[in-house]
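Engineer: In my numbering, the protein residues as written are 299 to 443. What follows is a structure written as structure tokens; I'll ask about it next.
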């Protein structure tokens with residue numbers, strides 16, 4: 299990855315992490331469950347429209363696909379020795395913050411040396427609506443490993 303990307307800065311995401319945790323009640327802590335609007339976003343990734351997709355309907359038969367397609371469970375390479383990976387989230391945007399924390403930990407456990415996670419109090423989901431969030435983004439872009 300470092301050959302092409304010096305830094306990956308993820309804001310208010312990643313939404314496509316912990317898909318099974320977000321879509322299938324009873325598989326995890328309820329804090330991971332996606333709200334209905336987010337379930338439709340996830341279902342859109344599978345070509346489903348409205349409330350009839352596998353996430354919105356909590357289709358247990360889709361669990362293997364959710365595990366395969368989740369950015370934090372379906373990958374084979376989480377070690378990025380030459381790429382800085384930085385997350386900026388709101389701690390109040392719980393379903394997103396949980397996923398960012400999990401993916402950051404997955405990257406650290408795999409040996410990625412430059413993983414950062416900032417939780418900006420008072421920031422909503424949309425970073426561009428927060429002065430503090432935008433300041434954190436500029437600082438992350440300009441930072442050196």
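Cβ atoms here follow ideal geometry from the backbone N, Cα and C, with glycine treated the same way.
1. Could you check if residue 347 is buried or exposed, using at least 16 other CB atoms within 10 Å of its CB as the buried criterion?
2. Under a Cβ-count criterion, where at least 16 other Cβ atoms within 10 Å of its own Cβ denotes burial, should residue 439 be classed as buried or exposed?
3. Give me, in chain order, the residues of the same chain whose beta-carbon lies closer than 6 Å to that of residue 341; leave out the 5 immediate sequence neighbours on both sides.
4. Is it true that the CB of residue 310 sits closer than 8 Å to the CB of residue 424?
5. Is it buried or exposed for residue 454, if we count other Cβ within 10 angstroms and need 16 for buried?
6. Just list the residues that DSSP pairs residue 417 with in beta bridges.
7. Are the CB atoms of residue 398 and residue 361 nearer to each other than 8 Å?
8. Residue 436: which of 385, 331, 324 sits nearest, CA to CA?
9. Give me whichever residues DSSP pairs with residue 425 in a beta bridge.
10. Restricting to Cα atoms, I'd like to know which of 372, 422, 410 is closest to residue 389.
11. Tell me where the alpha helix (DSSP H) around residue 401 begins and ends.
12. Within a Cβ cutoff of 7 Å, which residues of the same chain sit near residue 418, ignoring the five residues on either side of it in sequence?
Structural biologist: From the atom records:
1. exposed
2. exposed
3. 351, 353, 354
4. yes
5. With the chain covering only 299 through 443, there is no way to say anything about residue 454.
6. 387
7. no
8. 385
9. Per DSSP, none; premise fails for residue 425.
10. 422
11. 392-408
12. 386, 388, 428, 430, 431, 434
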